[in-house]
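*Asks:* Residue numbers (the working numbering), protein chains in the order written: chain Y, 6 to 279; chain G, 306 to 595.
Note that beta-carbon positions come from the ideal geometry of N, C-alpha and C, so glycine has one too.
Note that this is a predicted model, so its numbers are computed, not measured.
Got a structure here, written out as structure tokens. Questions coming.
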Amino acid sequence: MIEVQDLHFTYPSGVEALKGISLKIEDGEFVAIMGENGAGKTTLVKHFNGLLKPTKGRVIVNGIETTKVSVATLARKVGFVFQNPDHQLFAETVEEEISFALRNFGFSPSVIEKRVTWALNLLGLMQYRKTSPFMLSGGERKRVALASVLAWDPEILILDEPTIGQDYQQKENLRQFIMQLRTQGKTVLVVTHDVEFVAECNPRVLLMRGGKLIADGAARKVLTDPEILAQSSIVPPQITQLFIELSSLGFPSDIIDLYEARETLLKAFGAAAK
Amino acid sequence: MVKYATMPVIETRNLTYTYPEAAKASIVDVSIRIEKGEFVLITGPSGCGKTTLCRCFNGLIPHFYHGTLEGEITVAGLNVKEHPTYEMAKYVGLVFQNPENQLFALSVEKDVAFGLENLGVPRDEIRSRVDWAMKITGIYELRERAPYELSGGQQQRVAIASVLAMKPDVIVLDEPTSFLDPLGAKKIFEVIHRLNRELGITIVLVEHRLDLTVKYADHIIIMQDGKVILEGDPHKILDSEDMRLIGVGIPKVTRLYQLLKADGVKFHGKVPLSPEEMAEKVRRILKTHD
Numbered sequence: 006m007i008e009v010q011d012l013h014f015t016y017p018s019g020v021e022a023l024k025g026i027s028l029k030i031e032d033g034e035f036v037a038i039m040g041e042n043g044a045g046k047t048t049l050v051k052h053f054n055g056l057l058k059p060t061k062g063r064v065i066v067n068g069i070e071t072t073k074v075s076v077a078t079l080a081r082k083v084g085f086v087f088q089n090p091d092h093q094l095f096a097e098t099v100e101e102e103i104s105f106a107l108r109n110f111g112f113s114p115s116v117i118e119k120r121v122t123w124a125l126n127l128l129g130l131m132q133y134r135k136t137s138p139f140m141l142s143g144g145e146r147k148r149v150a151l152a153s154v155l156a157w158d159p160e161i162l163i164l165d166e167p168t169i170g171q172d173y174q175q176k177e178n179l180r181q182f183i184m185q186l187r188t189q190g191k192t193v194l195v196v197t198h199d200v201e202f203v204a205e206c207n208p209r210v211l212l213m214r215g216g217k218l219i220a221d222g223a224a225r226k227v228l229t230d231p232e233i234l235a236q237s238s239i240v241p242p243q244i245t246q247l248f249i250e251l252s253s254l255g256f257p258s259d260i261i262d263l264y265e266a267r268e269t270l271l272k273a274f275g276a277a278a279k
Numbered sequence: 306m307v308k309y310a311t312m313p314v315i316e317t318r319n320l321t322y323t324y325p326e327a328a329k330a331s332i333v334d335v336s337i338r339i340e341k342g343e344f345v346l347i348t349g350p351s352g353c354g355k356t357t358l359c360r361c362f363n364g365l366i367p368h369f370y371h372g373t374l375e376g377e378i379t380v381a382g383l384n385v386k387e388h389p390t391y392e393m394a395k396y397v398g399l400v401f402q403n404p405e406n407q408l409f410a411l412s413v414e415k416d417v418a419f420g421l422e423n424l425g426v427p428r429d430e431i432r433s434r435v436d437w438a439m440k441i442t443g444i445y446e447l448r449e450r451a452p453y454e455l456s457g458g459q460q461q462r463v464a465i466a467s468v469l470a471m472k473p474d475v476i477v478l479d480e481p482t483s484f485l486d487p488l489g490a491k492k493i494f495e496v497i498h499r500l501n502r503e504l505g506i507t508i509v510l511v512e513h514r515l516d517l518t519v520k521y522a523d524h525i526i527i528m529q530d531g532k533v534i535l536e537g538d539p540h541k542i543l544d545s546e547d548m549r550l551i552g553v554g555i556p557k558v559t560r561l562y563q564l565l566k567a568d569g570v571k572f573h574g575k576v577p578l579s580p581e582e583m584a585e586k587v588r589r590i591l592k593t594h595d
């Protein structure tokens, strides 16, 4: 469980990035953190693996206050995949990249071999095993960065903008993959601007603005609430935009799901035809 | 055909390119024709060759990347193979995914002026073009700020203003909003749309997210494994079922339309590409039943 109590954070430059955030994330939850550029999303999640320590307030991960332990200790439990894979990748081959942390955590060579193979298969990277990560495309490098974190099997996974540069099929793979992690009881936190991706996954959404939390609830509720939308930089999902357009005809505007939209319209067409 | 009465601004014939030491070609036998003033959307799965194709448009390929370029490519009437990138830059402006890689000056206006200074454009002309470009892209108020202090969306508008000041025939944008929040992205697409509609600048936009962009396009080019596999009017292309097979994410409202059509709902006219177009279709059906 992650517990955040009145968290404030000010960068050494004097920029106050977080202005009093309190929240709880239970084990096994799937949470999307959304909000405009500069809202403090990445600053917030960097507190969860101890990369940043609160200026004021407390962050408690699995019962341990983050100021009391090293980043290395927390990293074993909390895996962080950066937005820009180039901030993370450095090894000469993809295989080396994925093995690195496993060796640091002291896994045996046979376990490392197994985990690396598993992660390569999972993310469709097997053909690049001996390739330099820097020869790969941006989308592929993102998958290498993800594979290298998944390989050590953290309990909590933080993904910063995982859908950037990913095509439709890769996004779908990522969605299924997150669902699979959840069935294993993992906690998944995603920092994202991708409203369509969030609409498809329907996670709990934390919406931030100016270093504060301005909404916390199911995607369906947060992404369709006109008052919340008006004060954030969120453009609602296409399906919601459609139903907002149609609200004058008496349609509900809190729909984000494609299949629910289909049922709703079929019903309306059927009723009108009678 | 009337459509071909004009000179195309970009034309390729059997264009095939292999990066140095690469085992296989990144683009294969690409023959496309982009007319002046079109808004073209290039899409396709990761690694399909769309970025590589764009690098040919201003001569980064072959002059900077080297490798092997076969076939023909003409941009603004010039054979790209024979004209260096700095010369092509007068006709084709390139905007990248991450504006940080493009901006470096100490003020916004210096960044916007940089390309013109390099071309030796007279001072007064530079002044008026820089002001014009900053006004159109909505960054005039930011002209004395340092680019690195700006938000990602503002930085990307500075990058667009920098290429716009060169008054190019074509602006090529490679996933220009990936790092922006949804509202910042929307503003960028609106600026690009205006450059196209009001100034007649040909736009070539590389994007995965058709839900945000396809409504602006006159022409869509879909690539896979280095080849162009589907091309034409977006309303026609998105109406075909092949789209889903090749993993291009079609807009959610277009998908909704297809599902309802399969359920037996009778729609009139073209396939919708935006929520507004879909809403119009729904209204029409409900009205005919009144």
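In chain order, what residues of the same chain lie with their CB nearer than 6 Å to the CB of residue 219(Y), ignoring the 5 residues before and after it?
*Replies:* Excluding residues within five positions, the ones whose Cβ falls inside 6 Å are 212.
*Asks:* Strictly under 8 Å for the Cβ-Cβ distance: is residue 479(G) near chain Y by that measure?
*Replies:* It does not; no Cβ of chain Y falls within 8 Å.
*Asks:* What did DSSP end up calling residue 320(G) once you bin it into helix, strand or coil?
*Replies:* Strand, per DSSP.
*Asks:* Among 169(Y), 174(Y) and 21(Y), which has the Cα closest to the Cα of residue 479(G)?
*Replies:* Of the candidates 169(Y), 174(Y) and 21(Y), the one whose C-alpha sits nearest the C-alpha of residue 479(G) is 169(Y).
*Asks:* Helix, strand or coil, according to DSSP, for residue 543(G) in the structure here?
*Replies:* Three-state DSSP puts residue 543(G) in coil, outside helix and strand.
*Asks:* Can you list, in chain order, the residues of its chain with a C-beta nearer than 6 Å to that of residue 558(G)? Leave out the 5 residues immediately preceding and following it.
*Replies:* Excluding residues within five positions, the ones whose Cβ falls inside 6 Å are 577, 580 and 583.
*Asks:* Quick one, are the C-beta atoms of residue 100(Y) and residue 121(Y) less than 8 Å apart?
*Replies:* In contact: residue 100(Y) and residue 121(Y) (Cβ atoms closer than 8 Å).
*Asks:* For residue 581(G) and chain Y, any beta-carbon pair shorter than 8 Å?
*Replies:* True, the Cβ-Cβ gap to chain Y drops below 8 Å.
*Asks:* What number of angstroms, rounded off, separates the C-alpha of residue 543(G) from the C-alpha of residue 277(Y)?
*Replies:* Their backbone Cα atoms lie some 28 Å apart in a straight line.
*Asks:* Can you check whether the C-beta of residue 591(G) is within less than 8 Å of a C-beta belonging to chain Y?
*Replies:* Yes, contact with chain Y.
*Asks:* In angstroms, rounded to a whole number, what distance separates the CA positions of residue 457(G) and residue 568(G)?
*Replies:* If I take the Cα positions, the gap works out to 43 Å.
*Asks:* What residues are listed by DSSP as bridge partners for residue 35(Y)?
*Replies:* DSSP lists 193(Y) as partners of residue 35(Y).
*Asks:* Residue 485(G) to residue 173(Y), Cα distance in whole Å?
*Replies:* Approximately 18 Å, taken between the alpha carbons.
*Asks:* Beta carbon of residue 37(Y), beta carbon of residue 154(Y): below 8 Å?
*Replies:* Cβ distance not < 8 Å, so residue 37(Y) and residue 154(Y) don't count as in contact.
*Asks:* Using CA coordinates, which residue listed in 422(G), 560(G), 585(G) and 393(G) is at the minimum distance from residue 546(G)?
*Replies:* Of the candidates 422(G), 560(G), 585(G) and 393(G), the one whose C-alpha sits nearest the C-alpha of residue 546(G) is 560(G).
*Asks:* Taking just the CA atoms, how far does residue 436(G) sit from residue 148(Y)?
*Replies:* Near 42 Å, if we compare the C-alpha coordinates of residue 436(G) and residue 148(Y).
*Asks:* Decide if the stretch 465–478 of chain G is in contact with the stretch 528–541 of chain G; the criterion is three or more beta carbon pairs, one per stretch, under 8 Å apart.
*Replies:* No, they do not touch.
*Asks:* Tell me the start and end of each unbroken beta strand (DSSP E) in the stretch 178–247 of chain Y that is at least 3 residues and wholly inside, in chain order.
*Replies:* Those beta strand (DSSP E) runs which fall completely within the stretch 178–247 of chain Y and span 3+ residues are 192–196, 209–214 and 217–223.
*Asks:* Which bits of chain Y does residue 458(G) rub up against, with CB to CB less than 8 Å?
*Replies:* The contacting residues are 42.
*Asks:* If you draw a straight line from the alpha carbon of residue 570(G) to that of residue 591(G), how long is it in whole angstroms?
*Replies:* The straight-line gap from Cα to Cα measures roughly 12 Å.
*Asks:* Taking one C-beta from the stretch 58–75 of chain Y and one from the stretch 6–24 of chain Y each time, how about it: are there three or more such pairs within less than 8 Å?
*Replies:* Result yes; three or more Cβ-Cβ pairs closer than 8 Å.
*Asks:* Helix, strand or coil for residue 379(G) per DSSP?
*Replies:* In this structure, residue 379(G) counts as strand in the three-state DSSP scheme.
*Asks:* Can a CB atom of chain Y be found closer than 8 Å to the CB of residue 306(G)?
*Replies:* Any reading at residue 306(G) must be qualified, since the residue scores a pLDDT of 39, below 50, and its modelled position is unreliable; no value is offered.
*Asks:* Give the secondary structure of residue 22(Y) by DSSP, where H, G and I count as helix, E and B as strand, and everything else as coil.
*Replies:* In this structure, residue 22(Y) counts as strand in the three-state DSSP scheme.
*Asks:* In chain order, which continuous runs of the beta strand (DSSP E) of length 3 or greater are located wholly inside the stretch 443–471 of chain G?
*Replies:* DSSP runs (the beta strand (DSSP E)) wholly in the stretch 443–471 of chain G: none.
*Asks:* Note down, in chain order, every chain G residue with its Cβ under 7 Å from the Cβ of residue 274(Y).
*Replies:* Result: 570 and 590.
*Asks:* Mind checking whether residue 244(Y) and residue 271(Y) have CB atoms under 8 Å apart?
*Replies:* Going by C-beta atoms, residue 244(Y) is not nearer than 8 Å to residue 271(Y).
*Asks:* Check whether the Cβ atoms of residue 450(G) and residue 412(G) sit closer than 8 Å, and answer yes or no.
*Replies:* Yes.
*Asks:* Quick check on the DSSP output: the beta strand (DSSP E) that includes residue 536(G) runs from which residue to which?
*Replies:* Element bounds for residue 536(G): 532–537.
*Asks:* Tell me whether residue 325(G) is buried or exposed, calling it buried when 16 or more other Cβ atoms sit within 10 Å of its Cβ.
*Replies:* Burial call: exposed.
*Asks:* Measuring alpha carbon to alpha carbon, tell me which of 158(Y), 93(Y) and 247(Y) ends up nearest residue 107(Y).
*Replies:* Minimum Cα distance to residue 107(Y) is reached at 158(Y).
*Asks:* At a Cβ threshold of 8 Å, is residue 484(G) touching chain Y?
*Replies:* Residue 484(G) counts as touching chain Y.
*Asks:* Spatial neighbours of residue 317(G) within its chain, please: C-beta separation below 7 Å, excluding the five flanking residues on both sides.
*Replies:* The residues are 335, 336, 337, 376, 377 and 378.
*Asks:* Does the stretch 86–99 of chain Y touch the stretch 138–147 of chain Y, meaning 3 or more C-beta pairs lie closer than 8 Å?
*Replies:* Flag = yes, the stretch 138–147 of chain Y and the stretch 86–99 of chain Y touch.
*Asks:* Could you name the residues of the same chain whose beta carbon sits closer than 6 Å to that of residue 321(G), not counting the 5 residues immediately before and after it, in chain order?
*Replies:* Result list for residue 321(G): 330, 333, 334, 375 and 376, in chain order.
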